[in-house]
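Under this note's numbering, residues 33 to 165 are what the sequence shown spells out, in order. Working notes, structure below.
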Amino acid sequence: MKRINHIGVAVKDLGISTALFNALFAQSSPHVESVPQQQADIAFYPVGESSIELIASTSGTSSISKFIEKRGEGIHHLCLEVDDINAEIARLKEAGFQFVNDQRSEGGDGYWVAFLHPKSTNGVLIELCEKMK
33 MKRINHIGVA
43 VKDLGISTAL
53 FNALFAQSSP
63 HVESVPQQQA
73 DIAFYPVGES
83 SIELIASTSG
93 TSSISKFIEK
103 RGEGIHHLCL
113 EVDDINAEIA
123 RLKEAGFQFV
133 NDQRSEGGDG
143 YWVAFLHPKS
153 TNGVLIELCE
163 KMK
């Protein structure tokens, strides 16, 4: 594990939330993009060596929509950056960890991602990410 890449925060409305976080971080233009594979729009705010990621659902059936419906807005996941995501997935599976999906997928900001299931990480959704080469 290299570092904490970002902390993901689930939000209902990206426009309202970016206005709030623009004021909080004294910024006016976060990096914003759509991630169709995850049915989400995201905005990144750099904070030191890490970032805060705001995540808004683009579908009423997405995992973010379900999360907000069940728990409300708030911290959604912790993302750890790795050098080799496939090797980490294999190592963690061998150690008994469960994953939300069995393989990496394309995430936002040019990263491969994989999520460990909260059932195997004390209730915390942990995302692994590797910069695409």
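Backbone N, C-alpha and C define an ideal beta-carbon position, used for all residues, glycine too.
Let me make sure I understand the geometry here. Which of the options has the alpha-carbon closest to that of residue i?
| i | options | result |
| --- | --- | --- |
| residue 46 | 144, 63 and 58 | 63 |
| residue 104 | 81, 113 and 41 | 41 |
| residue 89 | 116, 49 and 58 | 49 |
| residue 87 | 58, 126, 73 and 102 | 73 |
| residue 77 | 67, 66 and 56 | 56 |
Would you mind stating whether residue i and residue j have Cβ atoms separated by less than 9 angstroms?
| i | j | result |
| --- | --- | --- |
| residue 140 | residue 70 | yes |
| residue 162 | residue 113 | yes |
| residue 54 | residue 111 | no |
According to DSSP, simplified to helix, strand and coil, what is residue i?
| i | result |
| --- | --- |
| residue 105 | coil |
| residue 55 | helix |
| residue 125 | helix |
| residue 40 | strand |
| residue 148 | strand |
My guess is that residue i and residue j are in contact by the Cβ rule of under 8 angstroms, so how many angstroms apart are they, rounded?
| i | j | result |
| --- | --- | --- |
| residue 98 | residue 130 | Actually they are not in contact, since the Cβ atoms of residue 98 and residue 130 sit about 18 angstroms apart, beyond 8 angstroms. |
| residue 39 | residue 121 | So it is not a contact: roughly 21 angstroms between Cβ atoms. |
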